[in-house]
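Below you'll find the structure, written out as structure tokens, and then a few comments.
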């Protein structure tokens with residue numbers, strides 16, 4: 001009986017504690033959207049090449065929006081948290097204490113290069129035709145809300161089920 005009650009509550013807790021994120025990919029062929037994405041204020045830009053990952057600062061468009069002039073520097077640790085895990089090739093959104101830390105990930109814009117180009121820290125120019133994709137990570141509010149509603153429903157059903165089991169067992173022990 002205790003195992004059943006515990007199982008219901010653990011299931012309810014696990015299903016209601018999920019935060020979901022979605023990746024919005026900006027197609028570089030839509031140059032106005034792409035250029036507008038590069039001009040986002042209060043966003044932290046990350047450059048992904050085959051050889052390294054850099055933070056991007058001081059972004060400006062050059063040569064009729066065909067090149068990016070920027071300063072590359074070492075990626076701070078608080079932004080390394082959300083890099084793909086090399087073992088499972090998936091983005092992770094938890095810090096070491098198993099807590100969600102979405103404050104950083106929701107401010108990141110990722111630029112992925114199509115070819116292996118070596119960069120060094122400092123001022124660099126990147127041709128936009130070398131950028132394979134640009135990704136912005138946002139919270140998936142609909143999926144998160146559905147998960148929480150599902151968790152509330154499972155918790156309610158589990159609570160009613162446990163109450164019914166307790167009432168049933170107490171009625172069976174009750175003598176008329």
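In the numbering used here, the protein residues as written are 1 to 176.
Glycine residues also receive a C-beta, built at the ideal position from the N, C-alpha and C atoms.
As the structure is a prediction and not an experimental result, all values here were calculated from the model.
- Straight-line measurement puts the Cα of residue 78 at about 24 Å from the Cα of residue 60.
- In the DSSP assignment, residue 144 falls within the unbroken alpha helix (DSSP H) covering 141-173.
- The three-state secondary structure of residue 47, taken from DSSP, is strand.
- By DSSP's assignment, residue 119 forms no beta bridge with any residue.
- For residue 114 against residue 130, the beta-carbon gap comes to about 6 Å, under 8 Å, which counts as contact.
- The continuous alpha helix (DSSP H) containing residue 78 extends over residues 77-80.
- Exposed is the label assigned to residue 24, since fewer than 16 other Cβ atoms lie within 10 Å of its Cβ.
- Residue 75 has its alpha-carbon roughly 16 Å from the corresponding atom of residue 118.
- Residue 145 and residue 122 have their C-alpha atoms roughly 43 Å apart.
- Residue 59 is not bridged by DSSP to any residue.
- Residues of the same chain with a CB within less than 6 Å of the CB of residue 109, apart from the 5 flanking positions on each side, are 43, 45 and 136 in chain order.
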